[in-house]
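Comments concern the structure below.
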Amino acid sequence: MNYAFLYEQEFALPEAREYARLAAYSIIGFFVSFLLAGPQLLVGSVVNALLVTTALELRNWKLLPILILPSLGVLSRGLVFGPFTVYLALMIPFIWVGNALLALTVKKLYLADSRNYWVSLLAGASLKAAFLFACALALNYFGLVPAPIVAAMGLMQLVTALLGGTISRFSAKTGIARALPL
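Mapping to the numbering used here: the sequence shown position 160 is 1644, numbers consecutive.
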């Protein structure tokens, strides 16, 4: 497989600004669940907006922290403020893969293959939601996670990924993304 698409960007950034955005997005990604502490619809949409934005702006390995840190932030928030659930801990590796499916699909289809943004987003969001739902369903089958976790990893994941991608697109189209001083 050709991995050249990992170096694609929606718009060029000087390397120093790329690292500044990496740092800022990483901090936001980790602390978003602490700052918003709201429903999955809100937090998930913001995290997915961050995933898509990072995929379109940053090159190569710089996407990795954003794939991982938001779920670690949610886990940390649960440990500090409660309620911590072992079910979330079980799902974290699958969430990382789901995040990668969303971000890398959008990056590959939209930037490298020049597909329509909305088609790229729908494909990435669908892959993420289907993967997470299948994993949660399998874990539920083996008695490792309850049904509400399965429900949270299904349609809600699709909705938050689509909302997040819409927020990211709005940010890019209005010039907010380019205007950031980072």
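Idealized CB from N, CA, C, for every residue including glycine.
Since this is a predicted model, take the numbers as computed values, not measurements.
Look at Gly1522 here: in three-state DSSP terms it is coil, with no helix or strand label.
Ranked by Cα distance from Leu1525, the options Leu1647, Leu1572 and Leu1595 are led by Leu1647. The beta carbon of Tyr1571 sits closer than 6 Å to the beta carbons of Val1629 and Ile1633 from its chain, once the five residues preceding and following it are set aside; these are given in chain order. Around the beta carbon of Ala1645, 16 or more other beta carbons lie within 10 angstroms, which makes this residue buried. In the DSSP annotation of this structure, the continuous segment of the alpha helix (DSSP H) that includes Leu1572 starts and ends at Val1570 to Val1590. In the DSSP annotation of this structure, the continuous segment of the alpha helix (DSSP H) that includes Ser1652 starts and ends at Leu1639 to Lys1657.
Ile1550 is classed as buried because its beta carbon has at least 16 other beta carbons within 10 Å across all chains shown. Nearest in C-alpha terms to Leu1540, of all of Gln1641, Thr1589, Thr1569 and Val1603, is Thr1589.
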